[in-house]
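Residue numbers (my numbering): 17 to 230.
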Amino acid sequence: MLIAVEGLPGAGKSTLRDRLLADARTRGIPLDHTGQFSWLSLTATRTLVRLRAGQSADDPEEVTEAACRDLALHARFNLAPALVRGPVIADRLSLSTACLLALVQRRPVAEYVERLAQQHRARPQLTVLLTTEADLCQARLADRETAPRFTDHPDTTAHLADLYRQAATVWSRRTGLEVWQRPCTSKADLDQLAAACLTYLDATPSTSTTEASR
């Protein structure tokens with residue numbers, strides 16, 4: 017079972033991830049976690065680092081191929097071994113990558129969702145898209161000590177929020193997999209989301225060793 021948590025910077029992704037890991041540990045569920053990229057290809061890593069800095073490329077296809085190659089490596093060498101041991105939660109995955117590509121390359125997000133969805137072994141059974149309001153996300157980011165990224169700018173955040181909504185629609189249509197769109201504004205929201213995710217884990221059969229390693 018792979019669950020991806022997606023959304024704007026400051027939406028509450030890491031908070032939800034940490035809560036799920038703690039609650040799963042208490043209930044004896046061997047929940048593991050991973051990030052957005054594999055960082056296993058030097059050439060792909062160089063391209064992704066530029067992308068995360070907001071730098072577009074002369075050849076858009078080169079950037080897309082780098083993202084797809086990295087996701088394939090992520091699925092084979094990180095996700096598959098972890099899924100053999102138990103369920104995994106990803107703090108960002110394909111939707112975040114598709115939105116970042118669309119934002120920087122200034123192309124329709126559907127193109128990137130379609131390409132990334134072709135990596136079947138990296139498809140999460142459940143995607144949780146946090147729809148926390150952009151203004152609250154901005155307020156949370158202002159309290160962080162880390163240097164702001166280009167995606168943290170208010171105008172960019174608003175555009176990114178729209179891209180996430182589009183990406184979620186395309187992803188559901190393309191894969192037939194569930195996408196929950198819920199805010200993580202308050203402790204009550206967090207409690208409800210965590211409880212719903214754990215219930216989903218309990219109710220869904222675990223991925224077998226054979227299926228996860230294909």
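Think of the CB as a built atom: it goes at the ideal place given N, C-alpha and C, for glycine as much as any other residue.
The beta carbon of Phe53 sits closer than 7 angstroms to those of Leu64, Asp86, His90, all from its chain and outside the five residues before and after it, given in chain order. For the 8 angstroms CB-CB criterion, Arg190 and Glu130 form a contact.
Rounded to whole angstroms, the gap between the alpha carbons of Leu119 and Gly23 is 14 angstroms.
Shown here, Ala27 sits in coil according to DSSP, grouped into three states, outside any helix or strand. Minimum Cα-Cα distance from Leu99 among the listed residues Ser188, Asp178, Leu47 corresponds to Leu47. For Gln197, the enclosing beta strand (DSSP E) covers residues 194–198. Counting only the Cα atoms, Leu152 lies some 33 angstroms from Gln135. In this structure, Cys84 keeps its C-beta atom at 8 angstroms or more from the C-beta atom of Leu117. The beta-carbon separation of Leu206 and Gly26, rounded to 14 angstroms, does not stay under the 8 angstroms limit for a contact. One Cα belongs to Leu67, the other to Ala174, and the distance between them is close to 19 angstroms.
Our two residues, Ala158 and Cys213, have alpha carbons roughly 29 angstroms apart in a direct line. Annotated three-state conformation of His136 is helix, per DSSP.
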